[in-house]
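Residue numbers (my numbering): 111 to 508. Backbone N, C-alpha and C define an ideal beta-carbon position, used for all residues, glycine too. Note that the structure is predicted; figures quoted are calculated from it, not measured. First the structure, in the form of structure tokens, and then the observations on it.
And the structure:
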């Protein structure tokens, strides 16, 4: 990515999002008891969307009629083309199921394919709505904790997973790929080893791949369902344009289910709930199709901006806060910061006016961590780092 590509889109203008019912900016008092915080917590971006998305929305709005809408064939074609170009993943039209969102689908899946009291596996620290979905539906979350390898890289403990499956009787794994919050992009051999284990133990895998496109140079996202069919357990993958293109308020999401019997069961589940075809708005369809057809230049430039912000953060922390150590950012725009200082650091940061995500919210293993969203203009990131330095620089690292 050269500088000209990065500069072909505006990632440096600071746009005031307050007063738009913005979850990230407008509800700080409700969620923290404080007002006027600079937020780096929830995972959406403080960047204007790609111009091609704005143009598609403007064109649809000019029409002026927003009646009942069904998913167009052209959107499926755009999805298929995107994942083939970007990830070498061959998806067939018949494998695509429309869902009202990835997290809602996980809730529905648990209701349909597990029973109250069943154990469901997650690998913490991990995206906390996984645990909430399990608990909300009266299931039991059993945790295969990620471990740190000899190089300090987060890894899956497959020996531990094998024991956990045997001990708990769990038959479902909710998998995060790329992993939120630790930023791992799983290597092919890691995925194959997991697939072999789950197939041998008859464990169904639900693979959340919403961060699939946000992968940095030197790494490659390998879709779970692109692994050899004979190595996979019963599986589905969940995908969306919303994270990649900063349109989560225009919800579209899809379950990719290759096995016909499994797909029929998933479709029956959606149908029984009155969901499926036409569950999104015409604006959501227009935005997702434009993104997948024409959004690649913007995404490539975005990844350049995230890379530049990552370098800025690391340089500042190394020089000014050596007790705050970012992990390797292989995928996403979410920094997983190890904070080697005593005390309630989240409160100290809030007192200074900066709002990060608490690591403990992602489960055991996150106690000494915070998650920081760096998908923002560099001046905003600099302001946030200044706040961190003021809050923490007087503390002694053990």
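Whole angstroms is fine: what's the gap from residue 362's alpha carbon to residue 205's?
About 16 Å.
Is residue 352 helix, strand or coil by DSSP?
coil
Mind checking residue 428: buried by the 16 CB within 10 Å criterion, or exposed?
exposed
Per the DSSP calculation, residue 444 is bridged to which residue(s)?
483
Inspect the beta-carbon positions of residue 342 and residue 305 and report whether they are closer than 9 Å.
yes
For residue 502, which residues in the same chain have their Cβ closer than 8 Å to its Cβ, ignoring the five residues on either side in sequence?
431, 433, 434, 449, 451, 455, 458 and 459
Considering just the uninterrupted stretch of the beta strand (DSSP E) at residue 315, what are its terminal residues?
314-318
Using 8 Å for Cβ pairs, my map puts residue 263 next to residue 233. What's the rounded Cβ distance?
Rounded, the Cβ-Cβ distance is 14 Å, inconsistent with contact.
Within its chain, find whatever has a CB closer than 7 Å to the CB of residue 499; leave out the 5 residues flanking it on each side and keep chain order.
Correct list, in chain order: 430 and 431.
How close, in whole Å, do the beta carbons of residue 405 and residue 181 come, if the pair is a contact with beta carbons under 8 Å?
The pair is not a contact, with the Cβ atoms about 19 Å apart (cut-off 8 Å).
Which residue comes first and which comes last in the alpha helix (DSSP H) that contains residue 375?
370-382
Please determine, among 418, 223 and 245, the residue with the shortest C-alpha to C-alpha distance to residue 346.
223
How big is the Cα-Cα spacing for residue 111 and residue 214?
Reliability of the predicted coordinates at residue 111 is poor, the pLDDT of 44 falling under 50, and the value obtained from them is presented with this limitation in mind. Distance between the alpha carbons of residue 111 and residue 214 is about 36 Å.
Leaving out the 5 sequence neighbours to the left and right, which residues in its chain are closer than 6 Å to residue 385 when beta-carbon positions are compared?
210
Return the first residue and the last residue of the alpha helix (DSSP H) that residue 308 is part of.
298-310
DSSP three-state call for residue 458: helix, strand or coil?
Three-state DSSP puts residue 458 in a helix.
Just to confirm before moving on: does the CB-CB distance between residue 355 and residue 409 stay below 9 Å?
yes
I want to know whether the region 480-497 touches the region 143-151 - three or more CB-CB distances under 8 Å.
yes
Residues bridged to residue 492 by DSSP?
Per DSSP, residue 492 has no beta-bridge partner at all.
Take residue 439 as the anchor and find which of 259, 461, 416 and 453 has the nearest alpha-carbon.
416
Just the Cα atoms here: how many angstroms apart are residue 142 and residue 136?
11 Å
Report the rounded CA-to-CA distance for residue 492 versus residue 248, giving the unit in angstroms.
43 Å
Between the Cα of residue 139 and those of 196, 293, 472 and 465, spot the shortest distance and give me the residue it belongs to.
465
Between which two residues does the beta strand (DSSP E) harbouring residue 134 extend?
Residue 134 -> no beta strand (DSSP E), and no H or E assigned at all.
Taking the CB atoms as reference points, tell me whether residue 366 and residue 335 lie closer together than 9 Å.
yes
Where does residue 374 land, buried or exposed, given buried means 16+ other C-beta within 10 angstroms?
exposed
Drop a sphere of 10 angstroms on the beta-carbon of residue 114, count the other beta-carbons inside from all chains shown, and report buried for 16 or more, exposed for fewer.
At residue 114, the pLDDT of 43 sits below 50, so the modelled position is not reliable and the matter cannot be decided from this model.
According to DSSP, is residue 209 part of a helix, a strand, or is it coil?
strand
Just tell me which of 488, 359, 227 and 172 has its CA closest to the CA of residue 130.
359
Look at the Cβ atom of residue 258, then the Cβ atom of residue 295, and state whether they are nearer than 9 Å.
no
Put residue 449 into one of helix, strand or coil per three-state DSSP.
Residue state, collapsed to three classes: strand.
Does residue 250 come out as helix, strand or coil in the three-state DSSP assignment?
strand
At the level of alpha carbons, what is the spacing between residue 479 and residue 266?
18 Å
Under the three-state reduction of DSSP, which class applies to residue 499: helix, strand or coil?
helix
What separation, rounded to the nearest whole angstrom, lies between the Cα atoms of residue 191 and residue 240?
29 Å
When DSSP builds the beta bridges, which residues end up paired with residue 365?
207 and 348
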